[in-house]
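Visitor: Quick one: structure below, then a few questions.
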Amino acid sequence: MPKRDSTLLSVIPEHLLWLECACGHNGPVQVPAIIAKWGDLITVDEAVDRLRCSVCRTKRIKECRIIYVGGSMGAMRGAQQGPR
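Below, the structure written as structure tokens:
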């Protein structure tokens, strides 16, 4: 994955990272579990660089998505948006 400014996981504790490995396996990882393992200052990019696929055990993550867990109204509040 290309390097860029990355989100601190501590600001999105109610989210999931949905990861897809080059082997084709994909699935969610709980953000609080990553924070518990590596601390409050870890970013999304750093976590992706450290995480291994549970099937092939490599670090070949080809895609990462940040998934909000909850209702859409909560997501709009978090994005400082509201109904129009």
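Everything in the sequence shown is counted per my numbering, starting at 40 for the first residue and increasing by one. Just so you know, even glycine gets a beta-carbon here, dropped at the ideal spot from N, CA and C. The model shown is predicted, which means the values in this text are computed figures rather than measured ones.
For Val68, I'd like the list of residues in its chain whose CB is within less than 7 Å of its CB, leaving aside the five on either flank, ordered along the chain.
Guide: Leu55, Leu56, Leu58 and Leu90
Visitor: Out of Val83, Val94, Val87 and Val108, which has the shortest C-alpha to C-alpha gap to Val45?
Guide: In the sequence on display, residue 45 carries Ser and not Val. Distances from the alpha-carbon of Ser45 to those of Val83, Val94, Val87 and Val108 put Val83 closest.
Visitor: Between the alpha carbons of Lys101 and Ala61, how many angstroms are there, rounded?
Guide: 6 Å
Visitor: Who pairs with Ile67 in a beta bridge, going by DSSP?
Guide: For clarity, residue 67 is Pro in the given sequence; the question names Ile instead. Paired residues: Trp57.
Visitor: Is the beta carbon of Leu48 sitting closer than 8 Å to the one on Ala86?
Guide: yes
Visitor: What's the gap between the Cα of Arg96 and the Cα of Ile51?
Guide: 26 Å
Visitor: Return the chain-ordered ranges of every alpha helix (DSSP H) run that is complete within the region 66 to 95 and spans a minimum of 4 residues.
Guide: 70 to 77 and 83 to 89
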